[in-house]
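First comes the structure, then the notes that go with it.
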Amino acid sequence: MNAHRDDSLSRRTGEGRGEGTAWSSLEKQILSEFRRHFRSEFLNRVDDTVLFMPLTLADIKKIVDPQLVLLRARLSDRHITLDLTDAAKEHIACEGYDPVCGARPLKRFLQRALETPLSRQFISGEVTDHSRMAVDFKRGELVFETKTVKKSANASHSSKN
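Heads up: the sequence shown begins at 5 in the working numbering, then just goes up one per residue.
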């Protein structure tokens with residue numbers, strides 16, 4: 005079970021995430037609050053309680069690239085490459101950041117801001133197989149640029165065999 009209790013206590017941590025006496029004291033406070041909030045009947049069914057520090061914006065920035073790898077893998081089936089500028093990645097990380105919900109908003113934002121527009125462009129014919137997509141962040145929005153890459157004679161010959 006993954007539960008997000010009111011984490012006002014966990015947001016009090018600053019430096020030294022998960023280290024030292026400050027974390028130990030905070031952990032005791034959180035577990036005490038946990039026991040006070042839930043009935044003992046429920047707590048007896050819980051095998052273990054593990055506390056996690058809330059993700060920071062820096063953590064979310066590290067998660068953006070692996071998520072893009074998954075999207076690029078799906079696009080590669082149609083020989084479509086996807087390149088994002090650092091500004092676009094920064095925007096995605098900032099918009100997908102929520103210290104309470106972790107990385108879930110990031111995934112939703114990627115679907116809404118990248119996957120849906122790319123799908124619409126593909127359906128409309130703006131993006132075709134063997135395209136190169138470039139995404140930048142300009143004037144407060146993600147900007148998509150598409151270039152069709154011509155197949156080489158060898159690539160088209162080998163695909164017929």
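We put the beta carbon where it would ideally sit given N, CA and C, even for glycine.
Check this for me: beta carbons of residue i and residue j, under 8 Å apart or not?
i      : j      : result
LEU75  : LEU110 : no
LEU61  : LEU72  : no
LEU55  : GLU31  : yes
ASP133 : ARG82  : yes
LEU86  : MET137 : yes
GLN125 : THR150 : yes
Taking the alpha helix (DSSP H) that residue i belongs to, which residues open and close that run?
i     : result
PHE42 : Where PHE42 is concerned, there is no enclosing alpha helix (DSSP H), given that its DSSP letter is neither H nor E.
Keeping to the same chain, check which residues put their C-beta closer than 6 Å to that of residue i; ignore five residues upstream and five downstream.
i      : result
LEU122 : none
ILE84  : SER135
ARG9   : Residue placement at ARG9 is flagged as unreliable, the pLDDT there being 47, under the threshold of 50; the coordinate-derived value follows with that caveat. So no residue of the chain qualifies.
GLU224 : Missing from the structure shown is residue 224; the chain here goes from 5 to 165 and no further.
In chain order, what residues of the same chain lie with their CB nearer than 7 Å to the CB of residue i, ignoring the 5 residues before and after it?
i     : result
ALA92 : VAL139, ASP140, PHE141 and LEU146
Q) Which parts of the stretch 75 to 147 are runs of the alpha helix (DSSP H), unbroken and 4 residues or longer, counting only runs that do not cross its ends? A) 90 to 99, 108 to 114 and 120 to 128
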